[in-house]
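Some notes on the structure that comes next.
Numbering (my numbering), first residue to last: 602 to 686.
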């Protein structure tokens with residue numbers, strides 16, 4: 602009985618180690634993805650692209666004032682978030 606108990610305890614320890622290892626790798630991957638997104642949003646070409654898409658939508662939409670305001674808010678919010686990071 603003691604032999605089976607030791608084998609089961611060793612198996613549980615291995616499974617716990619594998620779980621915590623996978624959890625750590627997932628946390629690292631999530632942190633890297635968040636950091637890469639923040640760096641991408643702070644680039645000038647990304648901000649220019651957001652402004653261009655907003656301007657295009659505002660030009661072809663039936664309600665240009667609403668879309669222009671939305672594009673300006675998006676651009677401003679992105680710029681402010683980039684400054685405070």
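Backbone N, C-alpha and C define an ideal beta-carbon position, used for all residues, glycine too.
Distance between beta carbons of residue j and residue i, contact taken as under 8 Å
i: residue 680; j: residue 648; result: 6 Å
i: residue 658; j: residue 667; result: That pair is no contact at about 10 Å.
CA nearest to the CA of residue i, picked from the options
i: residue 682; options: 640, 669, 670 and 661; result: 640
Notebook entry, point to check: Using 8 Å as the Cβ pair cut-off and three pairs as the minimum, do the region 643-652 and the region 668-676 touch?
Noted result: yes
Next item on the list: With a floor of 3 residues, list each beta strand (DSSP E) that falls wholly inside the region 635-680, ordered by position along the chain.
Entry: none
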